[in-house]
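First comes the structure, then the notes that go with it.
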Amino acid sequence: MHQIKTFNAIAPEGMQRLEKEKYDINENDHPEGIILRSKKLQTSEIADSVLAIARAGTGVNNIPVESCTERGIVVFNTPGANANAVKELVLMSLLMSVRPVVSGINWVQQLTGSDISEQAEAHKKQFAGHELEGKKLGVIGLGSIGAMVANDAYRLGMEVMGYDPYVSVDTAWSISRRVQRAQDISEIFTTCDFITVHVPLQEKTHHLIGKKEIAMMKNSAHLLNFARAEIVDHSAVLEAINEDELAGFTTDFADENLLHHDRITVLPHLGASTAEAETNSAKMAVRTMKQFIETGIIKRS
Ligand code: MLT
Numbered sequence: 001m002h003q004i005k006t007f008n009a010i011a012p013e014g015m016q017r018l019e020k021e022k023y024d025i026n027e028n029d030h031p032e033g034i035i036l037r038s039k040k041l042q043t044s045e046i047a048d049s050v051l052a053i054a055r056a057g058t059g060v061n062n063i064p065v066e067s068c069t070e071r072g073i074v075v076f077n078t079p080g081a082n083a084n085a086v087k088e089l090v091l092m093s094l095l096m097s098v099r100p101v102v103s104g105i106n107w108v109q110q111l112t113g114s115d116i117s118e119q120a121e122a123h124k125k126q127f128a129g130h131e132l133e134g135k136k137l138g139v140i141g142l143g144s145i146g147a148m149v150a151n152d153a154y155r156l157g158m159e160v161m162g163y164d165p166y167v168s169v170d171t172a173w174s175i176s177r178r179v180q181r182a183q184d185i186s187e188i189f190t191t192c193d194f195i196t197v198h199v200p201l202q203e204k205t206h207h208l209i210g211k212k213e214i215a216m217m218k219n220s221a222h223l224l225n226f227a228r229a230e231i232v233d234h235s236a237v238l239e240a241i242n243e244d245e246l247a248g249f250t251t252d253f254a255d256e257n258l259l260h261h262d263r264i265t266v267l268p269h270l271g272a273s274t275a276e277a278e279t280n281s282a283k284m285a286v287r288t289m290k291q292f293i294e295t296g297i298i299k300r301s
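The sequence shown finishes on residue 301 if you use UniProt numbering, and the numbering steps up by one all the way, no holes.
Written out as structure tokens, the structure is:
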């Protein structure tokens, strides 16, 4: 009987699949596999019996990958399983960055009297916005999320430029023939109206966007980060926005220094928070873990 340990519950469909396979779930201290979502896993929590760790999600920065590699433990994620959820939130955030809908909704709620429709018509000018069509979006990182964002932004009528040092031209272009390829990352910074980042957090991507990079951006540019907080230097963003050197910032990562700023939108890490994404990620994690435990092979399906 194979033993699996789960930390913070994965979606019910994943747990049901584990039960169907008749695995022992959380029954003893000698699991062969660990499946987890966002819990920060400590090295001391990984028993010597563990062969593989599955992250039901994209980023693996909550797992001590280096020490796992030293111990011969395989770490894998569920690439693409939550990409659609993140893409939809990025597109919504792009739209919200040009249309002040939240302010409009909050404003209309506090109107009183029998003539609120007249009041709304008389004052709606303050909530006028812009359109995305014809504006240029820079996508840094053309993995499953970045590629989907690029494709759908193009469908919204945006001009799209992509940058990814690891995706070959052929792969990027089979993902989307409509994405222009940036010669280097600075072409994204200097030419785009909106810049969205979709790279994993690694040593070399820590503060990938800082003071120097923001200085290259148009003063009218809007930056979005749905990847990991540490990829963007928040103090550099704040300074640039306060100096009118950057028009806006949307981030999926809470930071008290960014709150209560009318040109900064902070979300509580909602990118992958849909029922569909959680189900897809849990099912993929369990499927891949089962395959690895039973065959020693990891095959993406
Ligand atoms: C991911 O890495 O999968 C997303 O950021 C969502 C999450 O961490 O739950």
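Note that the Cβ used here is the ideal one computed from N, Cα and C, for glycine as well.
Quick caveat: nothing in here was measured; it's all calculated off a predicted structure.
Within the region 169 to 253, the runs of beta strand (DSSP E) at least 3 residues long that lie entirely inside it are, in chain order, 194 to 197, 222 to 225 and 248 to 251. For Gly14, the enclosing alpha helix (DSSP H) starts and ends at Pro12 to Lys20.
Judged by DSSP secondary structure, Glu159 falls within the beta strand (DSSP E) whose first and last residues are Glu159 to Tyr163. Not one heavy atom of the ligand MLT sits closer than 8 Å to the Cβ of Ser186. DSSP places Gly138 within a strand segment (E or B) once states are collapsed to three. Annotation: the continuous alpha helix (DSSP H) that includes Gly146 extends over Ser144 to Arg155. With a cut-off of 8 Å on Cβ pairs, the region 76 to 83 is in contact with the region 281 to 288, counting three or more such pairs. DSSP places Leu94 within a helical segment (H, G or I) once states are collapsed to three. When the Cα atoms are used, Ala215 and Ala229 turn out to be separated by approximately 19 Å.
The beta carbon of Gly271 sits closer than 8 Å to at least one heavy atom of the ligand MLT. Distances between the C-beta of Arg178 and the heavy atoms of the ligand MLT are all 8 Å or more. Of the candidates Asn257, Val266 and Val74, the residue whose Cα lies closest to the Cα of Leu223 is Val266. Counted as a single uninterrupted DSSP element, the alpha helix (DSSP H) harbouring Gly104 occupies residues Val101 to Gln109. Below 8 Å, enough C-beta pairs join the region 143 to 155 and the region 85 to 92 to call them touching: three or more.
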